[in-house]
Amino acid sequence: METVLVLTTLLVFVTMMLALIRALRGPTIYDRILAVNVFGTKTVLVVALISLLKGHSDLVDVALVYALINFIAIVAVLKLVKMGDLGQAGEGDITDG
Amino acid sequence: MADTALDILSWILLISGGVFGVMGGIGLIRFPDFYTRLHAAGVTDTLCALMIILGLIIQAGLSILTVKLALILLFLMFTAPTASHALARSALVDGVEPQVDDCEKEKPSSNS
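Taken in order, these protein sequences are the chains called Z and A.
Counting from 1, one number per residue, gives the positions in the first sequence under the numbering used here.
Counting from 98, one number per residue, gives the positions in the second sequence under the numbering used here.
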């Protein structure tokens, strides 16, 4: 049982490493944001896996909050990069439909 | 007997979820342009999260932990496609060109 959880955690760590390589190398800013998005999703999975592996069921709450904050952060960073301002809406905004 | 079957099912789900994650990572490294990378990462992200969290739900049994894991799964299923869509839209609006296969067009220009 534990072996399978540890193996899955290691596989997810490999994915995080590949995403980090793309984030460091990425030619455009959107490649970097995509890689950071993948990294954040995998962090949620690692926290959930570790909480079952070690039997600390409180850690699942951390994964839950991280999943929410990750999405908000990605959209906020996208808007900041695209518009140069978090408050203003304008032409070609990502939030105007 | 049923316990063993459930254990094996959750092992299969966990390991194949991890393998799908690694496949997405390899696609993220090796694909040639932003939109193909977005495809690799976006699709495998959702599938990997679905499989790993389903495997963990089977392991956790019936408790408050199951409800929390199901909530994580719900949020991930909503937010991962939304984030992919926002990324694709803002890249397209910002003028990142999709790489198209234009061998046909290049032939006359290389001859001339």
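Ideal Cβ positions, reconstructed from N, Cα and C, are used throughout, including at glycine.
> Looking at C-alpha atoms only, which residue of A:173, A:160, A:116 and A:133 is the closest neighbour of residue 198 (chain A)?
Replying inline: A:133
> Name the chain Z residues whose beta carbon is nearer than 9 Å to that of residue 159 (chain A)?
Replying inline: The contacting residues do not exist; residue 159 (chain A) stays about 13 Å from chain Z at best.
>> Distance check for residue 98 (chain A) and residue 25 (chain Z), CA to CA, integer angstroms please.
In response: 50 Å
> At a CB-CB cut-off below 7 Å, which residues of chain Z make contact with residue 156 (chain A)?
Replying inline: 52
> Can you list the residues of chain A that residue 62 (chain Z) reaches, using a CB-CB cut of under 8 Å?
Replying inline: Within chain A, no residue comes near residue 62 (chain Z); the closest Cβ sits about 10 Å away, beyond 8 Å.
> Taking just the CA atoms, how far does residue 153 (chain A) sit from residue 166 (chain A)?
Replying inline: 8 Å
> What is the DSSP secondary structure of residue 198 (chain A), counted as helix, strand or coil?
Replying inline: coil
> If you draw a straight line from the alpha carbon of residue 181 (chain A) to that of residue 28 (chain Z), how long is it in whole angstroms?
Replying inline: 16 Å
>> For chain A, check one thing: does any of its Cβ atoms lie closer than 9 Å to the Cβ of residue 10 (chain Z)?
In response: yes
> Which residue from Z:44, Z:52 and Z:41 puts its Cα closest to that of residue 4 (chain Z)?
Replying inline: Z:52
> So, residue 64 (chain Z) versus residue 161 (chain A), is the Cβ gap smaller than 9 Å?
Replying inline: no
> Do three or more CB pairs link the segment 74–82 of chain Z to the segment 110–119 of chain A at distances below 8 Å?
Replying inline: no
> Is it buried or exposed for residue 156 (chain A), if we count other Cβ within 10 angstroms and need 16 for buried?
Replying inline: buried
>> Which residue marks the beginning of the alpha helix (DSSP H) containing residue 160 (chain A), and which one marks its end?
In response: It is not in any alpha helix (DSSP H) - residue 160 (chain A) carries neither H nor E in the DSSP assignment.
>> Can you give me the C-alpha to C-alpha distance between residue 31 (chain Z) and residue 21 (chain Z), rounded to a whole angstrom?
In response: 11 Å
> Can you tell me where the alpha helix (DSSP H) with residue 116 (chain A) in it begins and where it stops?
Replying inline: 99–127
> Do you know whose CA, among A:107, A:176 and A:138, lies nearest residue 74 (chain Z)'s CA?
Replying inline: A:176
>> Going by DSSP in three states, residue 58 (chain Z) sits in which element: helix, strand or coil?
In response: coil
>> Tell me the rounded alpha-carbon separation between residue 124 (chain A) and residue 34 (chain Z).
In response: 13 Å
> If you count every other CB in all the chains shown that lies within 10 Å of the CB of residue 68 (chain Z), and 16 or more means buried, which is it?
Replying inline: exposed
> So which of Z:8, Z:6, Z:9 and Z:41 has the shortest CA-CA distance to residue 19 (chain Z)?
Replying inline: Z:41
> residue 15 (chain Z) CB to nearest chain A CB: under 9 Å?
Replying inline: yes
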